[in-house]
Amino acid sequence: MDLNQFLSERTRLMKASEIRELLKWITENVISFGGGMPDPSSFPVKEIMEITRDVVSTKADKALQYGATGGVAELKEELIKFMGKVGIKVDGPESVIITVGSQEALDIIGRLFINPGDYVITESPTYLAALQAFRIYGPRIIGIPMDEEGLKVDILEETLKKISDDGKVKFVYVIPTGQNPTGITMSRERRKALLEVASKYDVLIIEDDPYGYIYFGDGEPPDRLKAMDGEGRVIYLSTFSKIAAPGLRLGWVAASREVIRWFELAKQSIDLHTSTLNQYIAAELLKRGVIERNIPRIKEIYRTKRDLMLQALGEYMPDSVSWTKPSAGMFIWLTVPENIDTGEMLNVAIRKYGVAYVPGKSFYPNEERRNDMRLNFTYPTPQQIFEGIKRLSLAIREYIQ
Ligand SMILES: *Cc1c(COP(=O)(O)O)cnc(C)c1O
Numbered sequence: 017m018d019l020n021q022f023l024s025e026r027t028r029l030m031k032a033s034e035i036r037e038l039l040k041w042i043t044e045n046v047i048s049f050g051g052g053m054p055d056p057s058s059f060p061v062k063e064i065m066e067i068t069r070d071v072v073s074t075k076a077d078k079a080l081q082y083g084a085t086g087g088v089a090e091l092k093e094e095l096i097k098f099m100g101k102v103g104i105k106v107d108g109p110e111s112v113i114i115t116v117g118s119q120e121a122l123d124i125i126g127r128l129f130i131n132p133g134d135y136v137i138t139e140s141p142t143y144l145a146a147l148q149a150f151r152i153y154g155p156r157i158i159g160i161p162m163d164e165e166g167l168k169v170d171i172l173e174e175t176l177k178k179i180s181d182d183g184k185v186k187f188v189y190v191i192p193t194g195q196n197p198t199g200i201t202m203s204r205e206r207r208k209a210l211l212e213v214a215s216k217y218d219v220l221i222i223e224d225d226p227y228g229y230i231y232f233g234d235g236e237p238p239d240r241l242k243a244m245d246g247e248g249r250v251i252y253l254s255t256f257s258k259i260a261a262p263g264l265r266l267g268w269v270a271a272s273r274e275v276i277r278w279f280e281l282a283k284q285s286i287d288l289h290t291s292t293l294n295q296y297i298a299a300e301l302l303k304r305g306v307i308e309r310n311i312p313r314i315k316e317i318y319r320t321k322r323d324l325m326l327q328a329l330g331e332y333m334p335d336s337v338s339w340t341k342p343s344a345g346m347f348i349w350l351t352v353p354e355n356i357d358t359g360e361m362l363n364v365a366i367r368k369y370g371v372a373y374v375p376g377k378s379f380y381p382n383e384e385r386r387n388d389m390r391l392n393f394t395y396p397t398p399q400q401i402f403e404g405i406k407r408l409s410l411a412i413r414e415y416i417q
């Protein structure tokens with residue numbers, strides 16, 4: 017039987033993640049910087065145990081029952097307070113929806129906004145899982161380059177000028193703080209300029225903010241786009257994955273009431289609602305101050321591991337290699353000389369040197385560059401970071417010659 021004849025056009029646009037394909041090669045002896053996982057020691061395990069017991073013993077009637085599509089009211093109220101502390105004001109609980117991680121929100125964004133052929137704009141490189149979510153809906157994706165201040169808004173404006181005659185531009189998707197994969201944080205000036213350009217050309221902004229609450233640079237990160245938005249143009253996404261634990265599969269969206277109504281309609285047919293049990297657990301994590309107490313601990317773990325990786329890179333890498341110095345997020349973006357294709361080098365890195373990373377190519381909407389890689393510093397242990405970077409430098413040196 018030929019299954020292909022039955023697959024929808026949409027299904028044909030789905031592509032297996034290269035990262036997942038790659039994980040198959042990783043054995044015990046390979047040090048991997050390829051994943052995108054938080055340090056498990058950052059999970060508030062004891063507190064989640066206690067809270068789960070309390071929730072099930074006192075609220076089973078609600079926590080084990082079907083719930084509203086928009087989410088558990090208590091959790092939405094807690095999140096409104098939580099966002100309020102960083103200057104995000106929302107128009108009541110009707111402008112918030114709880115999703116199954118940010119990933120579900122990205123898929124819903126595709127459903128709600130993208131017709132085949134529409135333009136979608138992202139940073140270049142950008143979050144692989146967002147590209148995958150959007151691609152299913154058949155957009156033309158345009159990547160805008162970044163520098164150390166983030167998205168180059170002047171190039172965005174030129175691009176918008178050029179393409180808006182050719183088709184509808186729906187949104188600009190950005191990760192302003194601790195960008196995945198580069199670790200870059202967008203400056204306040206760029207954020208302002210981005211809002212102005214989005215307003216001038218009348219496009220939506222999707223602000224994906226998994227890392228703003230665990231910014232480990234000096235002071236606080238620049239204001240959220242959502243906090244600076246006077247027009248209701250920003251659709252704000254965040255998640256419990258990096259401030260608590262990704263296994264909870266809990267994310268949230270804050271936007272205008274009108275946008276959230278459409279989100280609810282889409283979500284209804286996908287999964288009715290996010291796990292009520294997990295939502296009640298998360299509400300308690302916020303209410304009891306577990307998240308707030310855990311955040312400084314997470315920052316410390318991430319900062320220490322980032323410093324270690326930067327130190328190892330400085331010690332081992334040849335002069336022709338450069339990398340970012342992130343103050344948020346989980347990744348360092350490493351650039352090798354242009355003659356090296358990091359995708360081709362990966363097999364040798366894994367099999368001969370015992371180290372893995374994610375080749376940069378797949379993070380570019382149009383796969384235009386081949387000499388970068390993404391390195392995760394949160395999951396490996398300090399020893400693995402040092403040893404792994406040493407091994408990686410040997411692989412790169414072999415290719416430079
Ligand atoms: C980790 C991460 C998320 C979180 O996704 P979940 O589905 O909530 O686990 C979202 N966006 C980016 C850019 C990330 O790096």
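Everything in the sequence shown is counted per our numbering, starting at 17 for the first residue and increasing by one. Cβ coordinates follow ideal geometry from the N, Cα and C atoms, glycine included.
Given 7 angstroms as the limit, tell me if Asp-224 has its C-beta closer than that to any heavy atom belonging to ligand 1.
Stepping through the sequence shown from its first residue, residue 224 is reached at position 208. Checking every heavy atom of ligand 1 against the Cβ of Asp-224, one is found closer than 7 angstroms.
Cβ-heavy atom distance, Ser-343 to ligand 1, below 7 angstroms:
Taking the sequence shown and counting its residues from 1, the one referred to as residue 343 is at position 327. For ligand 1, not one heavy atom lies less than 7 angstroms from the Cβ of Ser-343.
Residues that Thr-255 bridges to, as DSSP identifies them:
Counted from its first residue, the sequence shown places residue 255 at position 239. Per DSSP, Gly-267.
Can you tell me whether Gln-119 sits near ligand 1, meaning its C-beta is under 7 angstroms from at least one heavy atom of the ligand?
Locating residue 119 in the sequence shown gives position 103, where the first residue counts as 1. Checking the Cβ of Gln-119 against ligand 1 gives yes.
Whose C-alpha, out of Thr-43, Gln-119 and Arg-26, is nearest the C-alpha of Ile-290?
By one-based count along the sequence shown, residue 290 stands at place 274. Correcting the residue type first, residue 290 is Thr in the shown sequence and not Ile. Checking every option, the nearest Cα to that of Thr-290 belongs to Gln-119.
Using 8 angstroms as the threshold, is the C-beta distance between Tyr-153 and Gly-194 below it?
Counted from its first residue, the sequence shown places residue 153 at position 137. Counted from its first residue, the sequence shown places residue 194 at position 178. No, the Cβ-Cβ distance between Tyr-153 and Gly-194 is not below 8 angstroms.
Are Leu-264 and Ala-298 closer than 8 angstroms when you measure CB to CB?
Taking the sequence shown and counting its residues from 1, one reaches residue 264 at position 248. Taking the sequence shown and counting its residues from 1, one reaches residue 298 at position 282. Result yes, Cβ atoms of Leu-264 and Ala-298 sit closer than 8 angstroms.
State the DSSP-derived secondary structure class of Ser-180, mapped to helix, strand or coil.
As a working note, residue 180 is residue 164 in the sequence shown. Of the three classes helix, strand and coil, the one that applies to Ser-180 here is coil, per DSSP.
Other residues of its chain near Ile-307: CB distance less than 7 angstroms, five sequence neighbours each side excluded:
Translated into the one-based positions of the sequence shown, residue 307 becomes position 291. For Ile-307, where only same-chain residues beyond five positions count, the Cβ hits under 7 angstroms are Ile-259, Ala-260 and Leu-301.
Which listed residue (Ile-137, Thr-394, Glu-384 and Ser-254) has its alpha carbon closest to that of Ile-348:
Against the sequence shown, residue 348 aligns to sequence position 332. Checked all of Ile-137, Thr-394, Glu-384 and Ser-254; the closest Cα to Ile-348 is Thr-394.
Would the stretch 269-282 count as touching the stretch 97-113 if we require 3 or more Cβ pairs under 8 angstroms?
In short, these stretches touch, since the Cβ pair count reaches three.
Using 8 angstroms as the Cβ pair cut-off and three pairs as the minimum, do the stretch 246-253 and the stretch 70-84 touch?
no
First and last residue of the uninterrupted beta strand (DSSP E) at Met-30:
For this step, residue 30 is matched to residue 14 along the sequence shown. Premise fails: Met-30 is in no beta strand (DSSP E) and is neither H nor E.
Candidates Leu-391, Leu-241 and Val-190: closest to Met-53 by CA position
Along the sequence shown, read from residue 1 onward, the residue named residue 53 stands at position 37. Cα-wise, what sits closest to Met-53 is Leu-391.
Gln-417, buried or exposed, once every other Cβ within 10 Å from all chains shown has been counted against 16
As a position in the sequence shown, residue 417 is number 401, starting the count at 1. By the 10 Å Cβ count, Gln-417 comes out exposed.
Could you check how far apart the C-beta atoms of Thr-85 and Glu-280 are, in whole angstroms? I think they sit under 8 angstroms.
Here residue 85 refers to the residue found at position 69 of the sequence shown. Here residue 280 refers to the residue found at position 264 of the sequence shown. That pair is a contact at about 5 angstroms.
Restricting to runs no shorter than 4 residues, where is the alpha helix (DSSP H) found entirely within the stretch 100-188?
Correct list: 117-129, 144-151 and 169-179.
In this structure, how does DSSP classify Ala-243 when only helix, strand and coil are distinguished?
Here residue 243 refers to the residue found at position 227 of the sequence shown. Correct three-state label for Ala-243: helix.
When Glu-25, Leu-23, Met-99 and Ser-48 are compared against Phe-402, the one with the closest alpha-carbon:
As a first step, residue 402 is located in the sequence shown; it is residue number 386 there, counting from the start. Per the Cα distances, Ser-48.
Please list the segments of the beta strand (DSSP E) lying wholly inside the stretch 319-374, counting only runs of 3 or more residues, in order along the chain.
347-351
Where Arg-26 falls, given that 16 or more other Cβ within 10 Å makes a residue buried
As a working mapping, residue 26 is identified with position 10 in the sequence shown. Burial call: exposed.
Within its chain, find whatever has a CB closer than 7 angstroms to the CB of Pro-161; leave out the 5 residues flanking it on each side and keep chain order.
Position 145 of the sequence shown holds residue 161. These residues qualify, in order along the chain: Ser-140, Lys-168 and Ile-171.
Contact check, Leu-147 vs Ile-157 under 8 angstroms by CB: the rounded distance?
Here residue 147 refers to the residue found at position 131 when the sequence shown is read from its first residue. Here residue 157 refers to the residue found at position 141 when the sequence shown is read from its first residue. That belief holds up - the Cβ atoms of Leu-147 and Ile-157 are roughly 7 angstroms apart, short of 8 angstroms.
Measuring straight from C-alpha to C-alpha, what distance separates Ala-121 and Leu-241?
If you number the sequence shown from 1, residue 121 lands on position 105. If you number the sequence shown from 1, residue 241 lands on position 225. Just so you know, the alpha carbons of Ala-121 and Leu-241 end up roughly 18 angstroms apart.
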